[in-house]
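A.B. asks: With numbering that gives the first Met the number 0 applied, the sequence shown covers 0 to 212.
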Amino acid sequence: MAPNVLTARLSAGLAVLAWATLALQLALSLRLAADNGRGMAMGVVIYFGFFTILSNGLAALALTLPRLRPASPAGRFFARPGVNTAIAAYLALVGIAYSLLLRRIWNPQGLQLVVDHLLHDAMPLAFLAYWWFAVRKRDVIWSDIPYWLIFPVVYFALTLARGALTGLYPYPFVDAAALGVAQAVINALCVLVGLFVIAAALVGLGRWQARDD
0 MAPNVLTARL
10 SAGLAVLAWA
20 TLALQLALSL
30 RLAADNGRGM
40 AMGVVIYFGF
50 FTILSNGLAA
60 LALTLPRLRP
70 ASPAGRFFAR
80 PGVNTAIAAY
90 LALVGIAYSL
100 LLRRIWNPQG
110 LQLVVDHLLH
120 DAMPLAFLAY
130 WWFAVRKRDV
140 IWSDIPYWLI
150 FPVVYFALTL
160 ARGALTGLYP
170 YPFVDAAALG
180 VAQAVINALC
190 VLVGLFVIAA
200 ALVGLGRWQA
210 RDD
């Protein structure tokens with residue numbers, strides 16, 4: 000089988016896995032919201048408040064749009080090596096942060112446990128493998144990294160603002176109500192530093208892989 004055909008099939012399989020996982024988590028989130036007396040709208044708001052969901056959603060788009068709509072602005076955007084590298088960095092952060100900060104304090108059961116592993120373990124590893132084997136690294140450059148940090152900076156700012164209004168925080172390390180605003184901001188900055196290190200590592204690996212291109 001030709002490498003480009005194999006890559007296309009693998010990316011299609013990963014896209015199906017990503018969308019199915021996101022759909023399952025949405026169903027579980029809506030059920031949990033209903034069990035807690037919250038409406039469907041609030042369940043959707045809570046669902047999209049997780050960096051894990053947003054990062055996996057970006058991966059799903061990157062695996063889908065360049066194949067289905069390659070000539071569209073969105074298709075061209077998500078086909079860019081720099082964009083795929085940023086998404087790989089976000090998902091690597093998801094996996095690492097979850098293992099270091101959240102896995103020991105969260106005990107999902109049943110289907111939620113399966114979805115949890117898919118979101119935090121399987122998809123990050125699978126997308127990193129896709130990035131390594133299928134994404135051209137020649138155009139991945141160091142100066143892209145500050146642009147990749149804009150999304151998580153905006154995410155944390157909106158998370159803290161939403162939490163101040165609703166009292167709902169997606170992660171305990173940014174729970175300003177429990178920790179105080181200053182500590183929550185410091186924790187968010189530490190996560191951003193970690194993301195910068197991950198992004199720099201990926202750029203370095205990409206440049207090394209592309210050295211003979």
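For every residue, glycine included, the Cβ atom is placed at its ideal position computed from N, Cα and C.
Going residue by residue through the region 1 to 73, where are the continuous beta strand (DSSP E) segments of at least 3 residues, counting only ones entirely within it?
C.D. replies: Taking only runs of at least 3 residues, no beta strand (DSSP E) segment lies wholly in the region 1 to 73.
A.B. asks: Should Pro-123 and Val-93 be called a contact, given that it needs their Cβ atoms to be closer than 8 Å?
C.D. replies: yes
A.B. asks: Please classify Gly-193: does DSSP put it in a helix, a strand, or coil?
C.D. replies: Correct three-state label for Gly-193: helix.
A.B. asks: Residue range of the alpha helix (DSSP H) that Val-152 falls in?
C.D. replies: Note, Val-152: alpha helix (DSSP H), 149 to 165.
A.B. asks: What's the call for Pro-151, buried or exposed, on a 16-neighbour Cβ count within 10 Å?
C.D. replies: buried
A.B. asks: Can you tell me whether DSSP reads Tyr-179 as helix, strand or coil?
C.D. replies: According to the sequence displayed, residue 179 carries Gly and not Tyr. Note: Gly-179 maps to coil in three-state DSSP.
A.B. asks: May I have the straight-line CA-CA distance separating Leu-101 from Ala-200, to the nearest angstrom?
C.D. replies: 23 Å
A.B. asks: Would a C-beta distance cut-off of 8 Å place Phe-155 and Val-173 closer than the cut-off?
C.D. replies: yes
A.B. asks: Would you call Asn-273 buried or exposed, if buried means 16 or more other Cβ atoms sit within 10 Å of its Cβ?
C.D. replies: The chain is shown from 0 up to 212; residue 273 falls before or after that span and cannot be answered.
A.B. asks: Roughly how many whole angstroms lie between the Cα atoms of Gly-109 and Ile-140?
C.D. replies: 42 Å
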